[in-house]
Structure formats: structure tokens, C-alpha cells
Amino acid sequence: MPRDDGLSTPSSFCSPLALLESACEREIVFSEGVPSIDSGALFPDEVKYIQHAVEKRRAEFGTARVCARHALSRLGIPPCSLVPRADRSPQWPPGVVGSISHTDKLCGVAVTTSPRIASLGLDLEIDAPLESELQTLICTSTERRWLDQYKSPESGHAAKILFSAKEAFYKCQYAITEQFLEFTDVELSIDLQNGSFCVSGIGRVGGEWDRVRRTTGKIRRSDGVIATLAVLEAINP
Ligand SMILES: CC(C)(COP(=O)(O)OP(=O)(O)OC[C@H]1O[C@@H](n2cnc3c(N)ncnc32)[C@H](O)[C@@H]1OP(=O)(O)O)[C@@H](O)C(=O)NCCC(=O)NCCS
187 MPRDDGLSTP SSFCSPLALL ESACEREIVF SEGVPSIDSG ALFPDEVKYI QHAVEKRRAE
247 FGTARVCARH ALSRLGIPPC SLVPRADRSP QWPPGVVGSI SHTDKLCGVA VTTSPRIASL
307 GLDLEIDAPL ESELQTLICT STERRWLDQY KSPESGHAAK ILFSAKEAFY KCQYAITEQF
367 LEFTDVELSI DLQNGSFCVS GIGRVGGEWD RVRRTTGKIR RSDGVIATLA VLEAINP
């Protein structure tokens with residue numbers, strides 16, 4: 187059993203994850219930490235999983251595991267190994283859904299055992315404008331028109347939020363469909379004033395796609411980080 191160390195948590199009480207947590211139902215639990223290497227806090231199979239990874243990856247992966255165990259403990263779940271699936275998606279204990287994200291300066295995890303929630307997708311991004319070449323790659327024509335209402339540099343920040351929301355949506359839908367999506371396969375409507383988003387279109391048809399279309403999300407920004415959370419509610423909780 188690895189050591190149960192305290193997390194090196196960010197200095198601000200208003201981190202974007204703390205803001206997300208206060209905007210969500212109490213049944214969704216968040217945890218965060220500053221990436222650092224501490225192999226003593228990991229299970230042997232987790233250490234093995236990242237033994238050949240570069241330092242940055244080892245710090246992000248390890249801190250995300252410590253954060254996840256911390257969040258799971260708040261749901262009454264004892265410490266367990268959290269080695270990803272072969273497709274790199276997270277593998278949670280039975281009855282848990284959740285999501286992981288990291289940036290250079292922050293690792294975050296969101297988990298729940300609520301039967302009302304079928305899937306979660308969390309994404310963290312540094313709050314800097316998205317490069318214009320990437321904007322072209324990730325936007326549908328409708329999303330491009332939405333971005334065009336903003337002047338630079340606001341348009342670049344709005345594009346980064348759209349990018350983050352699409353990553354969060356991707357993680358959330360993957361647990362249901364197990365399908366890869368291109369950025370332009372999905373169209374999101376972003377409400378910056380309310381800090382929310384929803385799916386306005388998916389270029390796929392069929393039962394599971396109709397289901398994940400109902401995903402909604404929240405956006406929070408602080409301390410130079412954007413945090414987005416996509417939530418898919420269960421059909422018959
Ligand atoms: C998987 C992906 C979303 C990860 O995003 P990222 O910005 O590289 O990295 P993040 O730090 O935000 O997230 C990493 C975490 O994502 C999770 N993850 C990886 N693959 C995943 C998947 N298929 N489904 C859900 N979560 C996944 C893992 O928990 C990982 O954490 P870990 O490595 O510590 O276990 C991204 O690499 C990817 O492949 N995207 C596909 C293209 C896409 O996003 N399309 C959008 C269409 S709407």
C-alpha cells in the first residue's frame with residue numbers, strides 16, 4: 187500500500203476546480219494537486235506503468251493518482267491502484283465514474299458514485315489564446331462565426347475555452363461510445379456569461395450518439411487556468 191501523503195495543493199482557494207466544485211451538485215467530488223514526482227505514493231503497478239516515461243509525464247500521472255485516491259476517499263472508497271485501460275482511458279473502481287486532466291501546473295480529478303450520472307469529462311488548459319492554425323482545425327463554421335464576434339485576444343481565449351470543452355466532451359462521450367471523434371465531428375454552443383455549454387450537433391447517428399448529445403457542461407476560469415466539466419446524466423437512474 188503506498189504512503190498516503192498530503193497533496194501539494196495550489197495556493198488559491200479559488201482555483202478553477204474549486205469553482206467548478208461549488209457550481210456542481212455535491213455528489214461530484216473534485217481533487218487537485220501541483221504535479222510532482224513521489225513514487226512512494228503510487229502502487230507498484232502504477233510505478234511500472236510509467237517507469238519509462240519522461241519526468242513531466244511521471245509527475246502528472248502520479249499526482250493525478252494521488253488526487254484520484256483523495257477524491258475517492260471522500261466518497262468512502264478505500265485506496266486502490268488506478269492503472270489506465272489499454273486505450274488509455276481511466277479505469278475506476280466499480281460504481282464510480284470520473285475523469286482526469288493535467289496541465290504543467292495543475293492536476294485535477296472529478297469523480298462520482300451517483301447513479302444519476304452516467305459519465306464525466308474533465309479538462310484543464312492554460313488560459314492563453316489558442317493558436318490561429320489550431321482554431322481553424324477545431325472549429326465548425328458555426329463555431330467560427332461565434333468566435334468572430336470577439337476581437338483579438340478575446341477570440342483566442344474563447345477558442346481555447348471551446349477547445350477545452352471539446353476535450354471534456356470527448357472524454358465524457360468515450361466512456362459510452364468508445365469511439366474516437368475529430369474536433370469538427372462535434373459542434374458545441376458555449377455560453378460564456380453563464381459558464382456553460384451544450385452539444386448543438388454531432389456528425390454521427392444512432393442510439394448512443396443520441397444519448398451523448400444530451401451532455402451538458404460547465405466552464406470556470408481562474409489562476410490562469412480554464413477548467414471544463416462535461417456531464418452526461420443517466421437515462422434511468
Ligand atoms: C484523450 C485526450 C482527450 C487527452 O487529453 P490531453 O489534453 O492530451 O490530456 P489531459 O491531461 O487533459 O487528459 C489526460 C487524461 O485523459 C484521460 N483519457 C485518456 N484517454 C481517454 C479517453 N479515451 N476517454 C476518456 N479519458 C481519457 C486519462 O485519464 C488521462 O490521464 P492519465 O494519463 O493520467 O491517466 C486527447 O489526448 C485525445 O486523444 N483527444 C482526442 C481528440 C479529441 O479530443 N477530439 C475532440 C472531439 S470532440
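Residues are numbered in our numbering as their position in the sequence shown, beginning at 1, plus a constant of 186.
Every residue, glycine too, gets a C-beta built ideally from N, C-alpha and C.
- Here Leu415 carries a strand assignment [DSSP, helix/strand/coil].
- If you look at Cys384, you'll find it in the beta strand (DSSP E) that goes 382 to 388.
- For Lys234, the enclosing alpha helix (DSSP H) stretches over residues 230 to 235.
- C-alpha of Ala354 to C-alpha of Gly226: approximately 30 Å in a straight line.
- Per the coordinates, the alpha-carbon of Gly393 lies some 16 Å from the alpha-carbon of Val372.
- Apart from the 5 residues on each side of it in sequence, Pro270 sits with its Cβ closer than 8 Å to the Cβ of Tyr235, Pro276, Gln277 in its chain, given in chain order.
- If only complete runs of 3 or more residues are kept, the region 326 to 380 shows the beta strand (DSSP E) at 372 to 377, in order along the chain.
- The region 228 to 279 is shown to contain no whole beta strand (DSSP E) run of 3 or more residues.
- If the five residues before and after Ser285 are omitted, its C-beta is found closer than 6 Å to the C-beta atoms of Ala296, Leu306, Gly307, Leu308, Lys357, all from its own chain and listed in chain order.
- Note on geometry: alpha-carbon atoms of Leu323 and Asp377 lie some 21 Å from one another.
- Ile412 and Asp231 have their C-alpha atoms roughly 31 Å apart.
- With respect to Cys266, Cys293 sits apart: the two C-beta atoms are not nearer than 7 Å.
- If you check the CB distance, Ser300 and Glu213 come in under 7 Å.
- Distances taken from the Cβ of Tyr356 to the heavy atoms of ligand 1 include one shorter than 6 Å.
- By DSSP's assignment, Glu211 forms no beta bridge with any residue.
- In summary, Ala420 is exposed, with fewer than 16 beta-carbon neighbours lying within 10 Å of its beta-carbon over all protein chains present.
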